[in-house]
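Contents: one structure, followed by commentary.
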Amino acid sequence: MTFPPPPADLSAWGAPLQPRGAALLTDPLLNKGTAFTERERDALGLRGLLPPRVFTLEEQMQRSLASVRRKPDALEKYIYLTNLQNRNEVLFYRLVVDHVEEMVPLIYTPTVGQACLEYGAIYRRPRGLFLTLRERGRIAEVLRLWPREGVRLIVVTDGERILGLGDLGALGMGIPVGKLSLYTACAGVHPSYTLPITLDVGTDNPDLLDGPVYIGLKQKRARGAVYDEFIEEFVTAVATVFPQALLQWEDFGNTNAFRLLNRYRSRLPSFNDDIQGTAAVALAGVIAALRLTGGSLREQRLLFLGAGEAGTGIADLYVAAARAEGLTEAEARQRCWFVDSKGLVVKSRGADLAHHKQPYAHDHPFIATLGEAVRTLRPTALIGVSGMPATFTPEIVGQMTALNPRPIIFALSNPTSKAECTAEQAYAWSDGRAIFASGSPFPAVDFKGRHHVPGQGNNIYIFPGVGLGALASESREVTDTMFLAAARTLAGLVEPADLAVGRVYPALTKIREVSLRIAAAVAAEAHATGLARVARPVDLVADIQARMFDPVYREFA
Ligand code: NAD
52 MTFPPPPADL SAWGAPLQPR GAALLTDPLL NKGTAFTERE RDALGLRGLL
102 PPRVFTLEEQ MQRSLASVRR KPDALEKYIY LTNLQNRNEV LFYRLVVDHV
152 EEMVPLIYTP TVGQACLEYG AIYRRPRGLF LTLRERGRIA EVLRLWPREG
202 VRLIVVTDGE RILGLGDLGA LGMGIPVGKL SLYTACAGVH PSYTLPITLD
252 VGTDNPDLLD GPVYIGLKQK RARGAVYDEF IEEFVTAVAT VFPQALLQWE
302 DFGNTNAFRL LNRYRSRLPS FNDDIQGTAA VALAGVIAAL RLTGGSLREQ
352 RLLFLGAGEA GTGIADLYVA AARAEGLTEA EARQRCWFVD SKGLVVKSRG
402 ADLAHHKQPY AHDHPFIATL GEAVRTLRPT ALIGVSGMPA TFTPEIVGQM
452 TALNPRPIIF ALSNPTSKAE CTAEQAYAWS DGRAIFASGS PFPAVDFKGR
502 HHVPGQGNNI YIFPGVGLGA LASESREVTD TMFLAAARTL AGLVEPADLA
552 VGRVYPALTK IREVSLRIAA AVAAEAHATG LARVARPVDL VADIQARMFD
602 PVYREFA
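Numbering (my numbering), first residue to last: 52 to 608.
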């Protein structure tokens, strides 16, 4: 069966019997609350169970919007929105889609970080599956307990590196839940096709192990063979129980993230957003910036501060892009340089270097500081993915500006407090010449009579569209070339008006259009490379658009 459009009738939603009466009001996929019509109230046994006045979706949304805005802080807004989602998904998604700039920071970063920290306290209703070491040997059995059959999209975390917050163990569940909400809001993947999963293999966070309200297993993290066997059983069970599902790895610790991606990416359609999604969004920013600086990708010299999942992921995708422009792999790698916590990544550091850094360990004298690395290597772009604030100093930004008429300076570390420099600093220290983007949003800056709008290199521009494209084409794999196609598509959607104010990403309000275009590019790649498991439709964009869930009510009677 192909990835179908949103289900049209109740039986297709995985519900064994069409719920009626009070049961219908407790099913968030079907419940319309006060919007059930007079006819539906009679036909579905709802008479008397609802207040008499019938509201429209628009009226309900305005009421919910007012309620969100009345809440005193972001966490309270998150709790309100979670409850709304658990009550009435169409209304929740209408609100998010129509007010995307206001709602995304509430249902995902930065608020989701705080929500994870408090997940034990604010947990009310299950949303997603917890698979723990206790379920070893019967993971498939537990997956089958999920009440919906048509799962197509799984986001899974083991909670080891939640955003910039570290090991949160089972509290990490907020992440797959939030990411899948973004898939639905931004790419129209129907909520009934999504399944958030948290793998609880313990935690090394002493505060959680000693804390009285921790909701997860109170034991140290499993590592080595025990961990690997658990993951192997999980992946095998997913492929058996949900053979059409795409699996997204999310917020795994550094060493496991690379290993798992490489081990499983050809076994089942899967990708890691922290590595590949980040790479595509950052590369898209660089490609769009070239429309301001002139020059080609293959001529760039990238200097990264931070050599983790984000940094080496971006460099790997840059290498793929530069190869497509005619460089050899060695030549392309030679254009990427890394400074990590110990200094410049160079060959002489030898055994000290993690596996993922080694392709970028060039034969070059060691350099201890970022400033000296900028002076020596003369980069065209400086990309911060270190999680270390205030590391792009006035001297370093000044040096970049002396080297380049329009220096590309991306401070991608999250949250805002971790950014390598602020937007205001980048513009001020470069005399307004920097092309700046960040991981967390910064307000616009007026500097010497010019209006600058910093771009936000948010992964939300990439992963929903990539996932949708992979699902629509039923691709057997999610390849790096698909992420490259996504990056190029995203860069192509940046408008001259965006570039005129220095913004290298489209407005977030265009996110559904962005996701649709990316999905079409990814599906086209799947068809062109023989990875698609369905025939290529004549009009890819129209075909995918028809599969996107638009949060509007259906008539049930
Ligand atoms: P990671 O833990 O895998 O890597 C961090 C790297 O920074 C490591 O190589 C570490 O050695 C290095 N580092 C630490 N201290 C340093 C210092 N003082 N100087 C130089 N390097 C130092 O983490 P990651 O997943 O690569 O994420 C890194 C940052 O990028 C985080 O802040 C994260 O929020 C951000 N990020 C942003 C986006 C985005 O903007 N779309 C996406 C993903 C990650």
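Note that the Cβ used here is the ideal one computed from N, Cα and C, for glycine as well.
Check: Residue closest to Asp255, alpha-carbon to alpha-carbon, out of Arg429, Ile226, Tyr315 and Glu211; Outcome: Glu211
Check: Cβ shell of Ile365 (< 6 Å), same chain only, five flanking positions each side left out; Outcome: Ala330 and Ala333
Check: Per-residue DSSP class, three states only, for Ala361; Outcome: helix
Check: C-beta contact flag for Ala537 and Val517 at 8 Å; Outcome: yes
Check: Nearest-angstrom Cα separation, counted from Tyr129 out to Leu259; Outcome: 22 Å
Check: Phe487 classed as buried or exposed, judged by whether at least 16 other C-beta atoms fall within 10 angstroms; Outcome: buried
Check: Contact test: Ser437 Cβ vs ligand 1 heavy atom, cutoff 7 Å; Outcome: yes
Check: Helix, strand or coil at Gly78 [DSSP, three-state]; Outcome: The question names Gly, yet the displayed sequence has Asp at residue 78. Asp78: coil per DSSP, three-state reduction.
Check: Option nearest Gln165 by Cα separation, candidates Val147, Leu216, Glu152 and Val119; Outcome: Leu216
Check: Counted within 10 angstroms of its Cβ, other Cβ atoms place Gln476 as buried (16 or more) or exposed; Outcome: buried
Check: Buried versus exposed call for Gly72 [16 or more other C-beta atoms within 10 Å across all chains shown]; Outcome: exposed
Check: Nonlocal neighbours in the same chain, by C-beta distance under 6 Å from Glu606, ignoring five residues either side; Outcome: none
Check: Limits of the unbroken alpha helix (DSSP H) element including Ala488; Outcome: Unbroken run through Ala488 is the beta strand (DSSP E), Ile486 to Ser489; no alpha helix (DSSP H).
Check: Val592 to Glu200 span [Cα, whole Å]; Outcome: 27 Å
Check: 6 Å Cβ shell around Val603 - same chain, five flanking residues per side excluded; Outcome: none
Check: Cβ-based neighbour list, Val119, same chain, cut-off 7 Å, excluding 5 preceding and 5 following; Outcome: Lys128, Tyr131 and Leu132
Check: Straight-line gap, Ile547 to Ile460 (C-alpha atoms, nearest Å); Outcome: Here residue 547 is Pro; the residue named in the question, Ile, does not match the sequence. Rounded to the nearest angstrom, the two C-alpha atoms are 20 Å apart.
Check: Nearest-angstrom Cα separation, counted from Asp124 out to Thr580; Outcome: 48 Å
Check: Whole-angstrom distance between Val552 and Pro198, CA atom to CA atom; Outcome: 48 Å
Check: Simplified DSSP state of Cys472, which is helix, strand or coil; Outcome: coil
Check: For Phe285, the nearest candidate out of Arg272, Trp300 and Lys271 (CA to CA); Outcome: Trp300
Check: Nearest residue (CA-CA) to His413, options Gly377, Gly500 and Gly401; Outcome: Gly401
Check: Exposure of Leu196, with buried meaning 16 or more beta-carbon neighbours within 10 Å; Outcome: exposed
Check: Leu182 - containing beta strand (DSSP E), residue span; Outcome: Leu180 to Thr183
Check: Cβ separation of Gly435 and Ser464, assumed to be a contact under 8 Å, to the nearest whole Å; Outcome: 6 Å
Check: Euclidean distance between Cα positions of Ala221 and Ile248; Outcome: 10 Å
Check: Where Ser321 falls: helix, strand or coil (DSSP); Outcome: strand
Check: Helix, strand or coil at Ile562 [DSSP, three-state]; Outcome: helix
Check: Ligand 1 heavy atom lying under 7 Å from the CB of Ala402; Outcome: no
Check: Contact test: Leu356 Cβ vs ligand 1 heavy atom, cutoff 7 Å; Outcome: yes
Check: Near ligand 1: Lys469 beta-carbon under 7 Å from a heavy atom; Outcome: yes
Check: The segment 355–371 in contact with the segment 564–583 per 3-pair CB rule at 8 Å; Outcome: no
Check: Local Cβ density within 10 Å of Gly357, reported as buried at 16 or more and exposed below that; Outcome: buried
Check: Where Arg120 sits in the DSSP three-state scheme; Outcome: helix
Check: Three-pair Cβ contact test at 8 Å for the segment 508–517 versus the segment 311–321; Outcome: no
Check: Residues sharing a beta bridge with Gly435, DSSP; Outcome: Leu356 and Ala462
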